[in-house]
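Since the structure comes first, as structure tokens, the remarks are kept for the end.
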Amino acid sequence: MTYVVNDKCIKCKLMDCVEVCPVDCFYEGKNMLVIKPEECIDCGVCEPECPVDAIVADTESGSEKWLELNTKYSEIWPNITIKKDPPKDNEKYKNEENKYDKYFSENL
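Using the working numbering, the first residue of the sequence shown is number 83, and each one after it goes up by one.
This is the structure we're talking about:
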């Protein structure tokens with residue numbers, strides 16, 4: 083098992099999870115974070131830290147897409163080990179649905 087970041091993170095990117103990760107397995111894209119599954123030690127400390135519930139176990143129903151996305155982009159995006167400020171307009175996207183289809187950026 084591993085943890086993955088889903089589309090609830092898009093445009094919110096609050097980064098409370100980055101601060102608590104003991105193995106620094108978060109990677110930063112333009113408008114979201116991902117977890118590198120091969121580095122995640124399944125400790126679960128990041129999951130309750132996310133105020134928008136964007137971090138889920140890969141065993142949860144529907145997480146297959148997010149496991150694939152986290153795996154792919156953690157190989158491309160840079161590692162992040164220090165919490166940064168979230169986007170200034172993050173509050174207006176907090177409860178929005180279908181953010182992947184609307185806003186996802188590969189940041190390539």
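Beta carbons are placed, not taken as given, at the ideal position from N, Cα and C, and that holds for glycine. None of the values given here were measured: they were computed from a predicted structure.
Should residue i go down as buried or exposed, given a rule of 16 or more other Cβ atoms within 10 Å for buried?
{"i": "Ile92", "result": "buried"}
{"i": "Val201", "result": "Residue 201 is absent from the structure shown; the chain starts at 83 and stops at 190."}
Please tell me whether residue i and residue j are closer than 8 Å, where the distance is taken between their beta carbons.
{"i": "Tyr85", "j": "Trp159", "result": "no"}
{"i": "Thr153", "j": "Pro104", "result": "no"}
{"i": "Ser187", "j": "Asn88", "result": "no"}
Considering only residues of the same chain and omitting the five flanking positions on each side of residue i, which have a CB-CB separation below 7 Å?
{"i": "Glu196", "result": "Residue 196 is absent from the model: the chain starts at 83 and stops at 190."}
{"i": "Thr141", "result": "Met83"}
So what does residue i bridge to, in DSSP terms?
{"i": "Tyr109", "result": "Val116 and Asn161"}
{"i": "Val86", "result": "Val138"}
How many Å lie between residue i and residue j at the Cα?
{"i": "Val138", "j": "Leu151", "result": "13 Å"}
{"i": "Ser143", "j": "Leu149", "result": "11 Å"}
{"i": "Cys94", "j": "Asn180", "result": "13 Å"}
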